[in-house]
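J.: The following block contains the structure, expressed as structure tokens.
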Amino acid sequence: MKKENFAAYIFLLPWLVGFFLLTIQPIVSSFYLSLTEYDTVSDPYFIGFEHYEYMFVDDYRFWEALKVTFFYVAVGVPFKLGFALAIALWLNQGVQGLSLYRAVFYLPSLLGSSVAVGILWRQVFHTDGLVNYLLAFLGISGPSWLSDPDTSIYTVILLTIWQFGSPMLIFLAGLRQIPHDLYEASSIDGASKFRQFWKITLPLLAPVIFFNLVLQTIDAFKTFNNVFIISGGNGSPVDSLLFYTLYLYQQGFEFFRMGYASALAWVLLIIISIFTAIYFYTSKYWVYYESEK
Amino acid sequence: MKQNRLLKHLFLALASLIMLYPLLWMLSSSFKPESIIFNDLSLWPSQFTFENYPNGWQALRIDFSIFYKNSFIVAVFSVIGNLIACAFTAYAFARLEFNFKRFWFALMMMTLMLPYHVVLIPQYILFLKLGWVNTYYPLIVPKFLAQEAFFIFLMVQFFKQLPRELDESAMMDGCSVFRIFFKIIVPLSTPAFGTAAIFSFYWTWEDFFGPLIYLNDIEKYTVPLALRAFVSAEDLSFYGESFAMSILSLIPVFIFFIIFQRFIIHGIAMSGIKG
Amino acid sequence: MSNLTRRNFGKLALATSVLALTGANSAKAAGRIRHFWWGNKERDKRTYATIDAFNAAFSDSTVVGETLGWRDYWPKMATQVAGKNMADVIQMDYRYIAEYARRGAIKSLNPHLDSGAIDMSDFAQFSFDGGTVDGQVYGVNIGTNSQFVPYDKTLLDQLGLTFDPYKWNWDDFVKISREVTKNTPDGIYGSVNNGGQEVWLDIWLRQKNKALYHENGDLAFDQKDIEEYWSFWVECQETGVSWPATEEAASTSMAKSGIPTKKTAFDSYWTNQIVAIQKLTDHQIEMATIPHNPGDSPGMYYKCGQFISMSRDTQDESLSAKYMNFFIRDPRAVGILKLERGVPGTKEMRDFLKPGYSREEAIMVEYLEGIEGRTKKLPPVPPKGAGEIDRAFERYWEGVAFGKTKIASAAKSFYREAERIRRKQG
């Protein structure tokens, strides 16, 4: 392939400057810190790979955190993307009041993880809150969602699903970039809606699906704000909400063990990288870029 | 046919209600006096009051108009920075071949994957040395230097959706890669830019952690940071005012969304470009 | 970029990172100091007003205020400590003062006490003790506190139950709580459950002449104590003395705890929170001590609710000292701050404020004076790792409370973990 080094590096210039000026040093520092004992007050001192050893051999809370986070990713991401895609497809077909509905579905995402959302969510899932109120209509006696360690994780999962507006928006944008005349042409040829979906929409949307998949997974692993405001900051009850980043935060900012927190962060980075690499590797089987046909 | 449409609308309306209920509850609570907020589950306030709004607006030492101004400054600059810088970077990754391309791409993805909390302290020290603490620079400059990898990746994927034939035919006409970028790629990517603009604005608007760490003076606080002063676990909280101010803080983002979603919806028709 | 350059670059980056971490930052302007505190709407208003008063009184210097909520305060503090960029005067909590002092983040105040720049001469002994770490004073007490059991007098009157708030014992507590649970509609109980409250464990141990930690940081209790303590509270849960575990786990903020939600007659708080609690309910709330059996020592103590300390990074020690002194002694300051952070440490200021007390403030002061003689010496400053142990205690209790672990095995696991945490922190 013909190389356009000069042009490419011109276009990359802002990023390169930013990366080397602002980003690389903190990253390298954070790795170095993971090899030290650092309480943020006094200077760090070198202890080699002790943290990593401890993490895998001795730290049961590390495994707890992994378990909780993995469960969340495995359940939350598919559902969230599923909803996002379904609603996006539907809205894309043209509905009266489309822009209104689009706005409505996106609105929850706008709330983000503000303090208000935390209060809101606790209210909705409270023992006498809306969810249980509705369940009562169906004759089900709802559990105390937030204070029962078995159910608390579902409140966080539902929170992220409720905020499917973001990936939905991206799907919509992707759908909009699919040329209309493709659909028209295939209609003329007598293709059914289902066939159109399978043969036109899905393949052409693949890059965007891929994008959402990768990013939602990364995001889900890194979830912090939502959990912080719902669990009150300590993963209770009984560590049922001890998400990985929450555990990391606790270690670094509450227990003065920034070195260990850094080590935890790097392990997370490796885990996420593995997932991302798998996504990228398998993408060549199902993601066809229009530009590379 | 008509029945289908009616059903569709009914379903959408119901779904909307479920999606919006928590927000509606917050809205209605903002009109209730503090003492009944958690006792009154209904959406219609049993006691109606407007006081949360003016009280909340002036609750802190400075009133919220300053916080809004600050948030706007940071958000608008961030959007501009992100759009420009990330578009450049994404073009290189999406369309050009060059040495070490995979290496840089992997590095860029890595910045996306590292949890924020752990680069926090080294980054703080870095900005401290640059003298940027207690200013908006740490919040804005990284955007102009394409350090928000999410947008790079987003645009890369969107650019890749555009047919290469366009580039190729332009090159046959003697266009440089620069011209292709400005004359072809950019105009065709309005949905991508619209999406990026919305996300960029909204994320910056509601980011509290960056401002928390880098801003010392309360006069410089942004809206989400100010909102956190209302609710305290171990003390009196002012939920009504917190909700009122939260509702108000949603409005600019919502307006921004309404404006920019047009770019997403009115995608360019591709007919006539092929062949 | 050749391979060689890349490798060298890596080494260079590592070296600069280390240098960057340990370097000091630029000098600040003299005559200007920063005061950083955690607060809320009310406290912020008063503190800023106090700063204004100081600036008005002393025009040749400037104090600048910075504030955040409790939860945000500490992560920000951590970054500032790491960046050697702390505010000059910071608010400190008893839980952390020892860690910050021992790690060198705050300065000893002895030089200023000796010179009279900061005048604590009419402070009670415990005020000194609270802020003393390894023989030096690191924090000035800005609000005295103690533990108390708030009780819903309106509810108890309705049920015709009375007791002596200063002399009641554990049997009384159990009996009255049961009566409340029995004679009220479902969902209302006698008390909240304190099985996971380290503060209550502390007092319980002290009533038996034990403690949480020795002076040197060793654990001063044993596994059996934890088993006993948890057995008591589990029984409370099961026999209707306290509310169930699910309620306890759901009460994550003051507004959701037992008394403001009218779900319990007894709750658990620090004295300076009486004002806030009373605001949240229309029942009349009064103050009682922690129950103690006659013959046992009462176990309670006066705590210094908050301190102000001088940080390691201050560029103007004398101005900081002057401001701190103003904060605690000057009527212009105290007249604004009043009892919002707790009761002032100096008798002079307490007398100064007396005429203006509200009902809650009056009973707070009355309570604090009333328990004089029923308190013991302040426990030693918590050792490194104490925060982590507290969290572990809560966590293991939750397992027991929800029936997921047996008391004996939870106590054993907790004890082992506490020992391990202490060992690792050194």
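Chains as they are written, first to last, in our numbering: chain A, 288 to 580; chain B, 118 to 392; chain C, -10 to 415.
Ideal placement from N, C-alpha and C gives every residue a C-beta, glycine not left out.
Quick check: what's the CA-CA separation for ARG482 (chain A) versus VAL411 (chain A)?
T.: Looking at the two C-alpha atoms, the distance is approximately 41 Å.
J.: Select from the region 427 to 453 of chain A all residues with a C-beta closer than 8 Å to any C-beta belonging to chain B, and list them in chain order.
T.: Result list: TRP449 and SER453.
J.: Determine, for SER317 (chain B), whether the minimum Cβ-Cβ distance to residues of chain A falls below 8 Å.
T.: Taking Cβ atoms only, chain A never reaches closer than 8 Å to SER317 (chain B), which makes this a no.
J.: Indicate whether ILE505 (chain A) and MET272 (chain B) have their beta-carbon atoms separated by less than 8 Å.
T.: Cβ distance not < 8 Å, so ILE505 (chain A) and MET272 (chain B) don't count as in contact.
J.: What are the boundary residues of the beta strand (DSSP E) that LEU57 (chain C) is part of?
T.: It spans 51 to 57 - the beta strand (DSSP E) in which LEU57 (chain C) sits, taken as one unbroken run.
J.: Taking 8 Å as the threshold (beta carbon to beta carbon), is TYR253 (chain B) in contact with chain C?
T.: For TYR253 (chain B), the answer is no, since every Cβ of chain C falls outside 8 Å of its Cβ.
J.: Only counting the same chain, and skipping five residues up and downstream in sequence, which positions put a Cβ closer than 6 Å to that of LEU446 (chain A)?
T.: Closer than 6 Å at Cβ, skipping near neighbours: TRP408 and ASN513.
J.: Under 8 Å between C-beta atoms, does PHE498 (chain A) make it to chain B?
T.: For PHE498 (chain A), the answer is yes, since a Cβ of chain B falls inside 8 Å of its Cβ.
J.: Check this for me: beta carbons of LYS199 (chain C) and ALA209 (chain C), under 8 Å apart or not?
T.: Against a cut-off of 8 Å, the Cβ pair of ALA209 (chain C) and LYS199 (chain C) comes out as a contact.
J.: Under 8 Å, Cβ to Cβ, is there at least one residue of chain B near TYR89 (chain C)?
T.: Taking Cβ atoms only, chain B never reaches closer than 8 Å to TYR89 (chain C), which makes this a no.
J.: Helix, strand or coil: how does DSSP classify HIS24 (chain C) here?
T.: Strand.
J.: Does ALA287 (chain B) get closer than 8 Å to chain A when you measure Cβ to Cβ?
T.: Chain A contact via Cβ: absent.
J.: Can you give me the start and stop residues for the alpha helix (DSSP H) that ASN512 (chain A) sits inside?
T.: Counting along the chain, the alpha helix (DSSP H) containing ASN512 (chain A) begins and ends at 512 to 518.
J.: What residues in its chain sit with their C-beta under 7 Å from that of THR394 (chain C), if we drop five residues either side in the sequence?
T.: Excluding sequence neighbours, THR394 (chain C) sits near GLY388.
J.: Looking at the strands, I want to know which residues DSSP matches up with LEU141 (chain B).
T.: Note: LEU141 (chain B) sits in no beta bridge, so no partner.
J.: How would you call LYS580 (chain A), buried or exposed, if buried means at least 16 neighbouring beta carbons within 10 angstroms?
T.: Reliability fails at LYS580 (chain A), whose pLDDT of 43 lies under 50, so the model's placement of it is uncertain and no value is given.
J.: Mind checking TYR319 (chain A): buried by the 16 CB within 10 Å criterion, or exposed?
T.: Under this definition TYR319 (chain A) is a buried residue.
J.: Quick one: what's got a C-beta closer than 7 Å to PRO162 (chain B)'s C-beta in the same chain, skipping five residues either side?
T.: Closer than 7 Å at the Cβ level, and outside the excluded window around PRO162 (chain B), lie SER145, PHE148 and LYS149.
J.: Cα-Cα, which of C:ARG409, C:GLU349, C:ASN134 and C:PRO174 is closest to THR364 (chain C)?
T.: Per the Cα distances, C:ASN134.
J.: Among the residues of its own chain, which have a CB less than 6 Å from the CB of LYS17 (chain C), if the five just before and after it don't count?
T.: Its pLDDT being 43, under 50, LYS17 (chain C) is placed unreliably in this model, and the coordinates cannot settle the point.
J.: Here's the rule I'm using: 16 or more other beta-carbon atoms within 10 Å means buried, otherwise exposed. How should GLU265 (chain B) be labelled?
T.: Buried, because 16 or more other Cβ atoms sit within 10 Å of the Cβ of GLU265 (chain B).
J.: Could you pull out every residue in the same chain whose Cβ sits closer than 7 Å to the Cβ of GLN450 (chain A), ignoring the five residues on either side in sequence?
T.: Here the set comprises PRO395 and SER396.
J.: So, are the CB atoms of ARG92 (chain C) and ASP326 (chain A) less than 8 Å apart?
T.: Their beta carbons are under 8 Å apart, which means ARG92 (chain C) touches ASP326 (chain A) by this criterion.
J.: Given this structure, state the Cα-to-Cα distance separating SER15 (chain C) from LYS246 (chain B), to the nearest angstrom.
T.: Residue placement at SER15 (chain C) is flagged as unreliable, the pLDDT there being 38, under the threshold of 50; the coordinate-derived value follows with that caveat. In a straight line, the C-alpha of SER15 (chain C) is about 8 Å away from that of LYS246 (chain B).
J.: Is ALA67 (chain C) near PHE515 (chain A), with beta carbons less than 8 Å apart?
T.: Not in contact: ALA67 (chain C) and PHE515 (chain A) (Cβ atoms no closer than 8 Å).
J.: Quick check on this structure: which residue in C:THR270, C:ASN261 and C:GLN114 has the alpha carbon closest to the alpha carbon of LYS245 (chain C)?
T.: For the residues C:THR270, C:ASN261 and C:GLN114, the minimum Cα distance to LYS245 (chain C) belongs to C:THR270.
J.: Could you list which residues in chain C have their beta carbon closer than 7 Å to that of ASP326 (chain A), in chain order?
T.: Simply ARG92.
J.: Please report whether the beta-carbon of GLU349 (chain C) lies at a distance below 8 Å from any beta-carbon of chain B.
T.: No, GLU349 (chain C) does not count as interfacial toward chain B.
J.: If you count every other CB in all the chains shown that lies within 10 Å of the CB of GLN114 (chain C), and 16 or more means buried, which is it?
T.: So GLN114 (chain C) counts as exposed.
J.: Give the interface partners of TRP174 (chain B) over in chain A, defined as CB-CB distance under 8 Å, in chain order.
T.: Neighbours of TRP174 (chain B) on chain A: none; closest Cβ ~16 Å, over 8 Å.
J.: Go through its chain and collect everything with a Cβ distance to ASN333 (chain B)'s Cβ below 8 Å, but skip five positions before and after it.
T.: VAL250 and ASN251, listed in sequence order.
J.: According to DSSP, simplified to helix, strand and coil, what is ILE279 (chain C)?
T.: Three-state result, ILE279 (chain C): coil.
J.: According to a CB-to-CB cut-off of less than 7 Å, which residues of the region 66 to 78 of chain C neighbour chain A?
T.: Residues passing the 7 Å Cβ filter: ALA67, VAL70 and ALA71.
J.: Would a C-beta distance cut-off of 8 Å place LYS251 (chain C) and HIS272 (chain C) closer than the cut-off?
T.: Contact: yes.
J.: Which parts of the region 91 to 136 of chain C are runs of the alpha helix (DSSP H), unbroken and 4 residues or longer, counting only runs that do not cross its ends?
T.: Counting only runs of 4 or more, we get 99 to 104 and 114 to 120.
J.: Could you pull out every unbroken alpha helix (DSSP H) segment of at least 4 residues lying fully inside the region 445 to 498 of chain A, listed in chain order?
T.: Listed in chain order, the complete alpha helix (DSSP H) runs (minimum 4 residues) inside the region 445 to 498 of chain A are 452 to 463, 467 to 475 and 480 to 483.
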